[in-house]
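Colleague:
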Amino acid sequence: MEARAAAAPQVVAEDLTKRFGSFTAVDGISFRIARGEIMGFLGPNGAGKSTTIRILCGLLRPSGGRAFVAGIDVARDPERVRERIGYMSQKFSLYNDLSVAENLRFFGGVYRVPRAELAERMRFVVHMAGLDGREDALVATLAGGWKQRLALGCAILHRPPILFLDEPTSGVDPASRRRFWDLIHGLAEGGVSVLVSTHYMDEASYCNEIALINQGRLIALGSPGKLKRSALGGELLLVECDKVGAALELLPQAPGVLDVAAFGNALHVLVESAERGLVELPRYLDAKGIDCRNIARIDPTLEDVFVRLVAGGTRGEAPRP
Amino acid sequence: MNALRLRAIARKEVLQVWRDPRSLMIVLLMPIMQMLMLGYGVNLDLKHIPICTYDREGSQHSEALLKGFAASEYFDVVKVATDYAAVTAAIDGGTCRMAVVVPQDFSERLTDTGASSVQAILDASDDNSATIAAGYAQAVIDQFEQNVQIWFAGNHGQSMAPPPPISLESRVWFNEDLESRNFIIPGVVAVVMALVGAQLSSLTISREWERGTMELLVSTPVTPMEVMLGKLAPYFVIGLLDAVLCLVMAVLWFAVPFRGTLLTLFATTSLFLVAVLGIGYLISVAIRSQIGASQIALLVTMLPTALLSGYAFPIDQMPAPIQWVTYLVHARYYVTILKAVFLKGVGMTALLEPILGLILYAVIVAFLAARAFRKRLD
Ligand SMILES: Nc1ncnc2c1ncn2[C@@H]1O[C@H](COP(=O)(O)OP(=O)(O)O)[C@@H](O)[C@H]1O
Ligand SMILES: [Mg+2]
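Those protein sequences? They're chains Z and B, same order as listed. Residue numbers for the first sequence follow our numbering, beginning at 532 and rising by one. Residue numbers for the second sequence follow our numbering, beginning at 14 and rising by one.
(1) Taking DSSP as the reference, what is the three-state secondary structure of W186 (chain B)?
(2) Check whether the Cβ atoms of G571 (chain Z) and I741 (chain Z) sit closer than 9 Å, and answer yes or no.
(3) Can you tell me which residues form a DSSP beta bridge with P813 (chain Z)?
(4) Output the boundary residues of the alpha helix (DSSP H) element that contains C259 (chain B).
(5) For ligand 1, which residues count as neighbours when the test is a C-beta closer than 5 Å to any heavy atom?
(6) What residue does the alpha helix (DSSP H) around M653 (chain Z) start on, and which one ends it?
(7) Mind checking V114 (chain B): buried by the 16 CB within 10 Å criterion, or exposed?
(8) Would I304 (chain B) count as contacting chain Z if we go by Cβ distances under 9 Å?
(9) What number of angstroms, rounded off, separates the C-alpha of A174 (chain B) from the C-alpha of E158 (chain B)?
(10) Mind reading off the beta-carbon distance from E70 (chain B) to P116 (chain B)? Whole number of angstroms is fine, and I expect it under 8 Å.
(11) Taking its Cβ as the centre, do 16 or more other Cβ atoms sit within 10 Å of T729 (chain Z), making it buried, or is it exposed?
(12) Return yes when the C-beta of A621 (chain Z) is under 8 Å from any heavy atom of ligand 2, and no when it is not.
(13) Beta-carbon within less than 8 Å of N634 (chain Z)'s beta-carbon, same chain only, minus the 5 sequence neighbours each way: which residues are those?
(14) Would the C-beta of E698 (chain Z) count as close to ligand 2, meaning under 8 Å from any of its heavy atoms?
(15) If the cut-off is 8 Å on Cβ atoms, which residues from the segment 723-743 of chain Z count as contacting chain B, listed in chain order?
(16) Do V641 (chain Z) and V298 (chain B) count as a contact pair if the criterion is CB distance below 9 Å?
(17) K92 (chain B) by DSSP, collapsed to three states: which one?
(18) In chain B, what lies closer than 7 Å to F554 (chain Z) by C-beta?
(19) Could you give the distance in angstroms between the alpha-carbon of V631 (chain Z) and the alpha-carbon of R32 (chain B)?
(20) DSSP three-state label for N15 (chain B), please.
(21) Please tell me whether, using a cut-off of 8 Å, the distance from the CB of S219 (chain B) to the nearest non-hydrogen atom of ligand 2 is below it.
(22) CA-CA distance, V27 (chain B) and Q212 (chain B)?
(23) From the DSSP output, in three-state form, read off S215 (chain B) for me.
(24) For R613 (chain Z), return the contacting residues in chain B, with the cut-off set at a CB-CB distance below 8 Å.
(25) Okay, do the segment 720-735 of chain Z and the segment 784-797 of chain Z touch, 3+ Cβ pairs below 8 Å being the bar?
(26) Please state the DSSP three-state secondary structure of D697 (chain Z).
(27) Sorted by chain position, which residues of the same chain lie with C-beta nearer than 6 Å to S322 (chain B)'s C-beta, five sequence neighbours on each side aside?
(28) Given a threshold of 16 other Cβ atoms within 10 Å of its Cβ, counted over all protein chains shown, does R709 (chain Z) qualify as buried or as exposed?
(29) What are the residues that DSSP puts in a beta bridge with E633 (chain Z)?
(30) Can you tell me where the alpha helix (DSSP H) holding K678 (chain Z) begins and where it ends?
(31) When you compare only the Cα positions, how much space is there between E766 (chain Z) and V802 (chain Z)?
(32) Step through the CB atoms of chain Z and report whether any lies within less than 9 Å of the CB of A21 (chain B).
(33) On the three-pair Cβ rule with 8 Å, is the segment 772-779 of chain Z touching the segment 815-828 of chain Z?
(34) Start and end of the beta strand (DSSP E) containing V802 (chain Z)?
(35) Can you determine whether any heavy atom of ligand 2 sits closer than 8 Å to the C-beta of S594 (chain Z), and answer yes or no?
(36) Mapping DSSP to helix, strand and coil, what is E568 (chain Z)?
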């Protein structure tokens, strides 16, 4: 971590804002991505993830704030930025009517990959995407996971130091998703900085840093572990009982309870102290005529963090300067 | 500007055109179909149309009228019917394109009221030649009317005014001073190329938007100039091939004499193509669906080139304000050039004015097109 922090950040967003008319899609977002770091953008649909990524790629002009990619001001010199990034847009955007090899050759040409190297790099990418022997297949005929890996391949053909991947794993089966994350880790180990967005909370653990985004705002920033530990501001209990609805209404008034959220049939209860809660809550519920079948201390997930931060309206950790 | 990128874009565009049935149709079928349609549509000097006559009166007047048809070089009277059944059979069987029926009271009404009517039964299966045949029939009847007037004047010792209308079932527009096919076909080539070229290039940017590939394309370091040149280069070659196709059809199929030089033809055609492709490209940048772009391209090229390029309707006979508008129509210059090159065989020096017009036009369109495409999503 120390070494990373010392190196010049590859991506810097300072108070980025994007308004569409009177609607603010991105609202004062700031963060940094170091070399070889994987930054995950987590948030529900419409949070502003894609808009932020498009600003960083120079596709949208920010309404406010500044963005530096590879040390270059994106708004000033988007063309120089574009040579140094690879981009996977949220919607699949390779040429469906071209073959695997034709797509690769096209992007190789557009990124000016020297002809002597192109064949070798194409072979590498085809192998990475698991597309050996399918070089001449039209992209339209490929299944989702293959398409996504080919899109990643087209984005890294010119060996960019920075990758922007917008929901690269959406709509792909779990096995392909894991395989995709392996590829991303391999690239990061080679020094590539990766900004990857997702709305799968469970993918957060693959990232070094997480930015939780909701309604255009950055509501928490930090490593997955740190966020889970500190962003909640309490400890988490799992409560299984009958009359879940009544319990959901009553528990917030119980002593020492900070927040209650329903997860399926169970309740996640945020308390000041787990030790006291384990003793006091069953009693409290019992007094109200609710039978508590099970209560246990659990480790918070990022979803707990997210729900807590969104409901509480807190901004959580102040973003790093 | 980078050669690797230009080539990558051009190659991709060729592959896409090759694999897109709609583009292929525009490349191959549209020029041929348009040449035939426009070539025959304006073919006003159709001659020796087979007709059938049915004289129900058998008077001096009716015979004089039908003699007019027999004498006309536009008609061949191949059948003289004696009843309606024979008329119907002749039309339905296809031996005649038109039947002229003189009613029983033809002369009676002519002498009594000075007006009468003749029935023309037309084979409507070929709309174009039916229209033309009706026009010729009206001309023959008009001729007869004049003779009748003279006859009346002679008989009554005074002139009859206004002239007695002998009405035809459908009175249609008729071009008195027929332009020959030779004169029109070179202009048709210009109209067809304007249509085909704009259609092709109107799809090129809108296709990227429609298929969602634009977002990735603009995220790469290609410059707008490389996009424009790389994309239009293949269409320029295709456009030249289509031009060759049209010109060969003009010479071999329509038998229009070619008296000029190929160099003049090539140079001016290239210039025209720049303007044509540039216009389609501008439309493609502005409109993000392929259907929309191709329809706008059709609208923007079809009417102006068909009506205002002077290919069939002479510009010097138009009202002055319209004449000024024709300077905005690119095909106007190319039509002038093609007619002169084909029919008079003149070289470039004699065509300085339209060539300069075309150069100016191409430069302006290319300038606008190069600035039109922005690498942004907002
Ligand atoms: N071009 C645009 N014009 C207007 N509103 C937009 C535009 N692009 C995105 N938005 C809006 O901005 C918000 C954020 O969108 P987006 O960045 O795509 O969210 P996410 O990627 O997190 O799902 C959404 O409410 C979306 O409707
Ligand atoms: Mg998105």
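Ideal Cβ placement from N, Cα and C applies to all residues, glycine included. The structure presented is a predicted model; accordingly, all values stated were derived computationally and were not measured.
Modeller: Working from what's here:
(1) Only weak support is given to the placement of W186 (chain B): the predicted model assigns it a pLDDT of 29, under 50, and the value that follows is read from those uncertain coordinates. Three-state DSSP puts W186 (chain B) in coil, outside helix and strand.
(2) A contact, by the Cβ cut-off of 9 Å.
(3) Beta-bridge pairing links P813 (chain Z) to no other residue.
(4) Counting along the chain, C259 (chain B) sits inside the alpha helix (DSSP H) bounded by residues 237-261.
(5) For ligand 1, residues qualifying as neighbours are Z:F551, Z:A556, Z:N576, Z:G577, Z:A578, Z:G579, Z:K580, Z:S581, Z:T582, where qualification means a beta carbon closer than 5 Å to at least one of its heavy atoms (chain order).
(6) M653 (chain Z) -> alpha helix (DSSP H) spans 646-659.
(7) When all chains shown are included, V114 (chain B) counts as buried.
(8) At a cut-off of 9 Å between C-beta atoms, I304 (chain B) does not count as an interface residue with respect to chain Z.
(9) Note that A174 (chain B) scores 48 on pLDDT, short of 50, meaning its location in the model is unreliable; the coordinates nonetheless yield the value given after this. Between A174 (chain B) and E158 (chain B), the C-alpha separation is close to 12 Å.
(10) Their Cβ separation, rounded to whole angstroms, is 7 Å, which keeps E70 (chain B) and P116 (chain B) in contact under 8 Å.
(11) So T729 (chain Z) counts as buried.
(12) First, the amino acid is wrong: residue 621 (chain Z) is Gln here, not Ala. Checking every heavy atom of ligand 2 against the Cβ of Q621 (chain Z), one is found closer than 8 Å.
(13) The residues L625, Y626, V670, L681, C685, in chain order, have a CB closer than 8 Å to that of N634 (chain Z) in the same chain once the five nearest residues on each side in sequence are set aside.
(14) In this structure, E698 (chain Z) has its CB closer than 8 Å to one or more heavy atoms of ligand 2.
(15) Residues of the segment 723-743 of chain Z that bring their beta carbon within less than 8 Å of a beta carbon in chain B are absent altogether.
(16) It is not a contact, given that the beta carbons lie outside the stated cut-off.
(17) K92 (chain B): strand per DSSP, three-state reduction.
(18) Neighbours of F554 (chain Z) in chain B, taken as residues at a C-beta separation under 7 Å, are lacking, since the least C-beta distance is about 13 Å.
(19) Their backbone Cα atoms lie some 15 Å apart in a straight line.
(20) Looking at N15 (chain B) - three-state DSSP - the assignment turns out to be coil, as it is neither helix nor strand.
(21) It does not: the Cβ of S219 (chain B) is nowhere closer than 8 Å to a heavy atom of ligand 2.
(22) Cα-Cα distance, rounded: 16 Å.
(23) S215 (chain B) carries a helical assignment under DSSP once its states are collapsed to helix, strand and coil.
(24) Residues of chain B with a Cβ closer than 8 Å to the Cβ of R613 (chain Z) are, in chain order, S232, T233, P234.
(25) Look at the beta carbons and you see the segment 720-735 of chain Z not touching the segment 784-797 of chain Z: under three pairs across the two are nearer than 8 Å.
(26) The answer is strand: DSSP assigns D697 (chain Z) an E or B state.
(27) Same-chain partners within the cutoff: V342, A344, R345, V348.
(28) For R709 (chain Z), the number of other beta carbons within 10 angstroms of its own is below 16, and it is reported as exposed.
(29) None, per the DSSP bridge assignment.
(30) Element bounds for K678 (chain Z): 675-687.
(31) Those two C-alpha atoms are separated by around 5 Å.
(32) Yes, contact with chain Z.
(33) Yes, since at least three Cβ pairs between the segment 772-779 of chain Z and the segment 815-828 of chain Z fall closer than 8 Å, the two stretches touch.
(34) Taken as a continuous stretch (DSSP letters only), the beta strand (DSSP E) holding V802 (chain Z) covers 797-802.
(35) Flag unset: Cβ of S594 (chain Z) not near ligand 2.
(36) Annotated three-state conformation of E568 (chain Z) is coil, per DSSP.
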